[in-house]
Amino acid sequence: MKFYMPEYKIDHEVNKPDPYPLLSEGMKKVIDYQAEHSADAFDTNCSWDELRTKYIKERRFWNEGGPNPCKTVELTVEGPIGPSLYAFITLMINHSIML
11 MKFYMPEYKI DHEVNKPDPY PLLSEGMKKV IDYQAEHSAD AFDTNCSWDE LRTKYIKERR
71 FWNEGGPNPC KTVELTVEGP IGPSLYAFIT LMINHSIML
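First residue of the sequence shown? That's 11 in the working numbering, and the numbers climb one at a time after it.
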């Protein structure tokens with residue numbers, strides 16, 4: 011008697027929620043900016059020189075400061091083993107440094 015295993019394919023995507031609706035408005039602006047200005051930056055079907063050039067172009071905005079925080083709230087809460095610092099940052103893209 012032979013035993014056969016049924017064909018079973020795992021769907022790894024079934025439990026993954028779409029993260030975009032879960033992002034804050036500031037992070038959505040950052041993701042939208044990156045998608046708009048560096049659509050081909052992560053395409054690896056090119057030479058090393060082209061890949062390096064794309065990476066440098068994509069990183070230029072982030073290396074020059076990236077999005078500016080338009081509001082930062084820092085608060086310290088006393089905890090069981092000492093104070094804990096919580097920082098809440100709201101981001102705004104500074105369009106004046108875009109190249």
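Just so you know, even glycine gets a beta-carbon here, dropped at the ideal spot from N, CA and C.
What three-state label does DSSP hand Gly89 in the structure shown? On the sequence shown, residue 89 is found 79 positions in, with the first residue counted as 1. Here Gly89 sits in strand by DSSP.
Here's a check: name, in chain order, each residue in its chain whose Cβ is nearer than 6 Å to the Cβ of Val87, leaving out the five neighbours to either side. The sequence position of residue 87 within the sequence shown is 77, counting from 1. Cβ neighbours of Val87 beyond the five flanking positions: Ser94.
Between the Cα of Trp72 and the Cα atoms of Asp59, Cys56, Tyr96, Val40, which residue gives the shortest distance? Within the sequence shown, the letter at position 62 stands for residue 72. Ranking Asp59, Cys56, Tyr96, Val40 by Cα distance to Trp72 puts Val40 first.
Nearest residue (CA-CA) to Pro29, options Glu68, Lys38, Asp21: Stepping through the sequence shown from its first residue, residue 29 is reached at position 19. Out of Glu68, Lys38, Asp21, Lys38 has the C-alpha closest to the C-alpha of Pro29.
For Ala49 and chain D, any beta-carbon pair shorter than 7 Å? Chain labels in this structure do not include chain D; a single protein chain is all it has.
How big is the Cα-Cα spacing for Pro27 and Asp21? Translated into the one-based positions of the sequence shown, residue 27 becomes position 17. Translated into the one-based positions of the sequence shown, residue 21 becomes position 11. Those two C-alpha atoms are separated by around 13 Å.
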